[in-house]
Structure formats: C-alpha cells, structure tokens
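The structure appears right after this line, and notes come after that.
Protein chains: 2
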Amino acid sequence: MHSYTEENYLKAIFKLIEHDSDVVTTNAIAEKLKTKAASVSDMLKKLADKKLINYQKYQGVSLTAKGEKVALNIIRKHRLWEMFLVEKLDFKWDEVHDVAEQLEHIKSEKLIAQIDKFLNYPKVDPHGDPIPDEKGKLQIQKSKSISNFKLNDVLIITGVVDHSPAFLRYLDKSGLALGNEIKIKEIIEFDKSLQIVVNKKNTIFISFEVAKNILVISK
Amino acid sequence: MHSYTEENYLKAIFKLIEHDSDVVTTNAIAEKLKTKAASVSDMLKKLADKKLINYQKYQGVSLTAKGEKVALNIIRKHRLWEMFLVEKLDFKWDEVHDVAEQLEHIKSEKLIAQIDKFLNYPKVDPHGDPIPDEKGKLQIQKSKSISNFKLNDVLIITGVVDHSPAFLRYLDKSGLALGNEIKIKEIIEFDKSLQIVVNKKNTIFISFEVAKNILVISK
DNA sequence: ACAAAAATTTAGATATGTCTAAAAATTAAT
DNA sequence: ATTAATTTTTAGACATATCTAAATTTTTGT
C-alpha cells in the first residue's frame with residue numbers, strides 16, 4: 438500500500454502532466470504541494486525505487502503505468518467524494534475540496550464502489566471534471582475555455598479550470614453554473630474582456646482572466 | 438489539532454476506562470493498540486504534556502476533561518460513520534469497523550454534522566452502541582448481558598459486547614438481531630449455557646460465552 | 001564557449017512514532 | 001520484610017517526511 442504522502446505526490450504529478458507538458462519539474466511539484474524542492478527530490482527517489490515514476494536526476498519526472506493507475510484511483514475517489522458531498526450532504530461546490538482531499542485517501546474498495554452506486558455512477562464531478570472508472574479510464578474532456586470562441590457563438594458551460602473557492606463563489610454570484618447557456622455578445626478588443634448573455638436573460642461582463650477559466654462546448 | 442495516533446490513544450484509553458476501572462495501565466493500552474509498552478510510555482508522556490490525560494509514572498492514566506472530549510468526538514464520528522455505512526451503503530454490521538476506523542479521523546465539523554442530519558440524528562449505531570451528541574454527551578446504556586437474567590425472563594436485544602466479525606456473523610446465522618425478543622427457556626446448570634426462544638418462534642441454544650456478549654433489556 | 005543564473009540534488013538536522021534491550025519501580029510471594 | 005516476578009520507563013536506534021544550507025548540474029545570455 439502507498440502512504441498518504443506518496444499518493445499526494447502521484448496525484449500532483451498526474452495533474453501537472455495532464456494539462457501541460459509530458460514531464461514535470463521538481464520545482465513545479467514543490468509549488469503545487471507547498472513544500473520545498475529538497476523534499477521533493479527525496480520523495481522522487483523513493484517513488485522511482487518503487488517504480489511509480491520515471492525519474493533521472495535533473496531531467497524531470499513522468500508517471501509509469503503503475504504510478505498513473507494509483508493517481509487515477511485517487512482522482513476517482515476525490516471526485517466521487519466531491520459529488521457525494523454536493524449531492525447528498527448539501528455542500529456547495531466551493532466547500533468540497535479540503536474534505537475530499539482527506540476522504541480520497543480512505544482505503545476500502547467496497548466503500549468507493551458503494552458510493553459510486555449510491556450516486557448512480559456519475560460521469561463528472563460538481564466542477565465538471567470527468568470521474569475515472571474503476572479501471573482508471575478517464576473520458577477525454579473536449580471542452581475549451583470561453584476565450585477560444587468568437588462573437589455570437591452559443592455555448593454550454595461544462596467545467597472550470599480554477600477550482601479556488603474565491604473563483605467558484607464569483608461564478609455563483611454572477612449566475613454562472615454548469616449547464617448554463619451563454620452567448621458571446623461582444624468582445625472588447627483592448628483587454629479581451631467579454632459581454633455575454635446567460636440563459637438568454639441576463640447580460641454580464643467577464644474579464645479575459647475569467648473567460649479563460651470557464652470551460653464550454655458549442656451548443 | 439491532534440494527530441491520527443493521538444486520537445487513537447485517547448479513544449483506546451476512553452474505551453478501557455468505560456467498562457472497567459477508573460485508571461488504565463500501560464500494558465492494557467499496548468495490547469488494545471497492538472503496540473509495545475515502550476511506545477505507549479512515550480505517547481503517554483506526550484499526551485500528558487498536552488493536558489489530555491492525567492499521568493504519573495507507574496500509576497496508570499485517566500483522561501482529563503479535555504482528553505475525554507476528544508475521545509468522545511472520535512467515538513461519535515466512528516459510530517455515525519458505521520451507521521452511514523450500514524444504512525446508506527448496504528454494509529453489513531460485521532464489515533464496518535475497519536472503514537469507520539479510518540473515517541473517524543476526517544477533520545470537518547460540517548461533514549459530520551451533515552452525516553448526522555442525513556441519518557436523521559440516530560441515537561445508537563448498528564451494534565446498539567450509543568452515539569454521543571455534538572457536546573460529547575453520551576446516553577447511559579442501561580442494558581445488561583443475557584447471562585444476568587433468569588428462567589422465563591423476556592428480553593429485547595439492544596447491543597453486543599464483542600464486535601468481532603466472527604461473533605457478529607454467528608449472530609446473523611443464528612437469527613439474533615438488534616430488536617429481537619428472546620425468552621429464556623432453560624438454563625443448563627453445568628456450563629450455564631441457555632436455551633432461548635427468538636421472536637416467539639425459533640428455539641436455539643447459546644453458550645454462556647455468547648450470552649455474556651449479547652446485551653438486552655427486560656421487555 | 002564561457003560565465004552567470006536558475007534549478008536540482010545532497011548533506012545534515014529535526015519531528016513523529018515505532019522498536020529492542022536494559023534499567024527502574026511496583027507488586028506478589030514466601 | 002526481603003526476594004522474585006511483573007510492569008513500566010528510559011536509552012538508543014530506526015523509518016518517514018520534512019527543512020535549511022551547501023554543492024552540483026543544467027540552462028541562459030552574451
């Protein structure tokens with residue numbers, strides 16, 4: 438079995454690789470886990486010994502098949518727990534992260550299988566992130582951020598990039614939720630900020646920064 | 438905040454005091470936690486420094502008010518999680534212990550409050566053990582084991598002393614469940630084993646050892 | 001291509017929790 | 001009441017995971 442800490446390192450590496458390059462640097466991991474590069478070096482050595490990562494000194498790391506399996510399992514558990522908290526225990530989507538960070542390390546095959554069943558096998562979590570299946574299969578997200586679209590495009594909100602409570606609360610306040618339809622009404626050339634119509638009703642302004650952090654698909 | 442290990446020590450001390458004497462010995466704790474007396478001594482020093490236990494070398498330990506509060510909170514979480522597993526996730530009563538041992542250490546006030554609400558504020562767990570309230574108030578169990586009663590007494594099963602899967606599965610197999618009515622039909626003098634009628638239907642034999650481990654109240 | 005800057009690793013410490021073996025204190029027995 | 005047995009504690013190690021500071025490697029800039 439893997440320690441709490443090892444699991445967190447594998448998850449961090451997976452997430453850093455997922456969106457960006459194919460290799461992760463020591464510093465990037467240190468920043469993500471709020472620890473120091475020296476500590477990361479130590480742990481990388483340990484994970485490499487266990488064949489969970491591909492690691493050569495100074496050359497960055499990637500996950501082995503074995504390491505990726507562990508990471509995906511943790512992510513599966515994290516996202517199912519988030520779903521459970523929101524769907525069954527009335528948590529808001531900006532409140533679930535820290536608790537799910539703890540729950541994801543509970544070791545019990547049956548527990549997570551039953552949670553999955555109890556939730557009726559959800560495909561995405563409350564932030565629109567896909568939930569890997571028992572085998573670690575992850576559905577590819579085909580959504581892009583709003584900033585990739587053009588005037589008059591009609592889109593459906595499917596997810597968020599930033600998961601911070603501050604950002605999620607801003608979306609709540611602005612009436613932007615998963616599943617909402619938005620239409621790009623105006624694009625300000627100067628700062629790339631946008632005017633959008635939400636659910637054919639309310640017109641609001643969002644900055645380029647916000648637009649980059651909202652994931653959508655064409656309607 | 439207290440570490441996972443500290444919480445387990447406090448819970449163990451509480452449980453050892455609960456039924457037996459007013460002071461616990463180092464060896465008793467070591468046996469309960471499956472560790473060595475030397476390790477216990479080290480930890481007791483630490484817990485005493487934090488004012489969670491009353492401890493004088495060689496004289497055994499008891500919990501301070503502060504330590505008892507922590508212990509009761511862990512027990513509350515453990516029992517609520519057990520209830521959740523049985524009621525909502527179709528776990529059997531002999532399957533919940535190990536998972537609840539992990540879940541009880543999750544740190545989130547809101548989480549446990551919501552689980553409590555979701556279960557509609559249960560008073561006892563699947564084994565009939567009382568669930569402490571948010572303030573740590575524990576309802577006193579007035580039940581005794583079957584072995585304390587006499588011929589022709591009619592009783593209701595309210596709990597179990599032994600929580601081992603082996604014992605619980607034996608009860609399932611014998612048709613003995615919480616809430617069942619039993620009548621003492623015969624007491625064998627030689628070995629104190631009993632013949633009992635369950636729910637006015639089935640007559641079964643149970644050993645004195647089993648009788649000691651089933652808690653009941655008079656009907 | 002070489003020096004300077006940045007990133008990464010190693011060395012040596014610290015903190016937690018565990019262990020074995022030895023020492024000390026308590027309890028039991030004659 | 002003194003010895004023997006048992007229990008408990010201390011001393012010294014070990015494993016995990018972390019840190020700071022120093023050393024090393026890689027990357028960048030001219």
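If you're matching them up, the sequences are chains V and Z in order. In this text, residue positions in the first sequence follow the working numbering: the first is 438, and each later residue adds one. In this text, residue positions in the second sequence follow the working numbering: the first is 438, and each later residue adds one. Backbone N, C-alpha and C define an ideal beta-carbon position, used for all residues, glycine too. Nothing here was measured: the structure is a model prediction, and the numbers come from that model.
Taking 7 Å as the cut-off, the beta carbon of L509 of chain V is found closer than this to the beta carbon of P569 of chain V. Within a 10 Å sphere around the beta-carbon of Y558 of chain Z sit fewer than 16 other beta-carbons, which makes this residue exposed. Under the three-state reduction of DSSP output, Q551 of chain V falls in the helix class. Using beta-carbon distances, L548 of chain Z counts as an interface residue toward chain V, with a partner under 7 Å. Counting every other CB atom within 10 Å of its CB across the protein chains shown gives A475 of chain V a total below 16, marking it as exposed. For I621 of chain Z, the secondary structure class from DSSP, reduced to helix, strand or coil, is strand. Taking 4 residues as the minimum length, the alpha helix (DSSP H) runs contained wholly in the stretch 527–594 of chain Z are 534–540, 546–555, in order along the chain.
I512 of chain V and M520 of chain Z have their alpha carbons spaced roughly 26 Å apart. Collapsing the DSSP output to three states places G497 of chain V in coil.
When beta bridges are read from the DSSP output, F642 of chain V appears opposite V:Q632. Within the DSSP secondary-structure output, Y492 of chain V pairs in a beta bridge with V:V498. For secondary structure counted as the beta strand (DSSP E) over 3 or more consecutive residues, the stretch 449–493 of chain Z holds these complete runs in sequence order: 490–492. Nearest in C-alpha terms to I549 of chain Z, of all of Z:E571, Z:P567, Z:K488, Z:G565, is Z:E571. Among the residues facing chain Z, I543 of chain V is included, as its CB has a counterpart in that chain under 7 Å away. When Z:V653, Z:K560, Z:A648, Z:I450 are compared, the shortest CA-CA separation from K506 of chain Z is found for Z:I450.
In the assembly as shown, D566 of chain Z is a buried residue. Its beta-carbon has 16 or more other beta-carbons within 10 Å. Ranked by Cα distance from E443 of chain V, the first of V:I625, V:L605, V:L484, V:L588 is V:L484. For L526 of chain Z, the nearest beta carbon of chain V is closer than 7 Å to its own beta carbon.
If you draw a 10 Å sphere on the C-beta of K448 of chain V, you find 16 or more other C-beta atoms in it, and that means buried.
Only exposed fits G616 of chain V, as fewer than 16 other CB atoms lie within 10 angstroms of its CB. In summary, I654 of chain Z is exposed, with fewer than 16 beta-carbon neighbours lying within 10 Å of its beta-carbon over all protein chains present. For S611 of chain V, the three-state secondary structure derived from DSSP is coil. The shortest C-alpha to C-alpha distance from D531 of chain V to any of V:E623, V:L453, V:F604, V:A648 is the one to V:F604. Near chain Z, meaning a CB-to-CB distance below 7 Å, no residue of the stretch 628–654 of chain V qualifies. Counting along the chain, V598 of chain V sits inside no beta strand (DSSP E), nor does DSSP assign it H or E at all. With distances taken between CA atoms, L613 of chain Z lies nearest to Z:L592 out of Z:L592, Z:K579, Z:T472, Z:I490.
A check of alpha carbon separations from Q493 of chain Z across Z:V460, Z:K473, Z:R606, Z:L470 identifies Z:V460 as the nearest.
K488 of chain V places its beta carbon less than 7 Å from that of T501 of chain V. Not a single CB atom of chain Z sits nearer than 7 Å to the CB of V477 of chain V.
By the rule that beta-carbons nearer than 7 Å mark a contact, V536 of chain V touches chain Z. For V653 of chain V, the beta-bridge partners assigned by DSSP are V:K581, V:I594. At least one C-beta of chain V is nearer than 7 Å to the C-beta of Q551 of chain Z. At a cut-off of 7 Å between C-beta atoms, Q578 of chain Z does not count as an interface residue with respect to chain V. Look at Q539 of chain V: its C-beta is under 7 Å from a C-beta on chain Z. Separation of V635 of chain V and D609 of chain V (C-alpha to C-alpha, rounded to the nearest whole angstrom) is 13 Å. By the CB criterion at 7 Å, I633 of chain Z and I619 of chain Z fall inside the cutoff.
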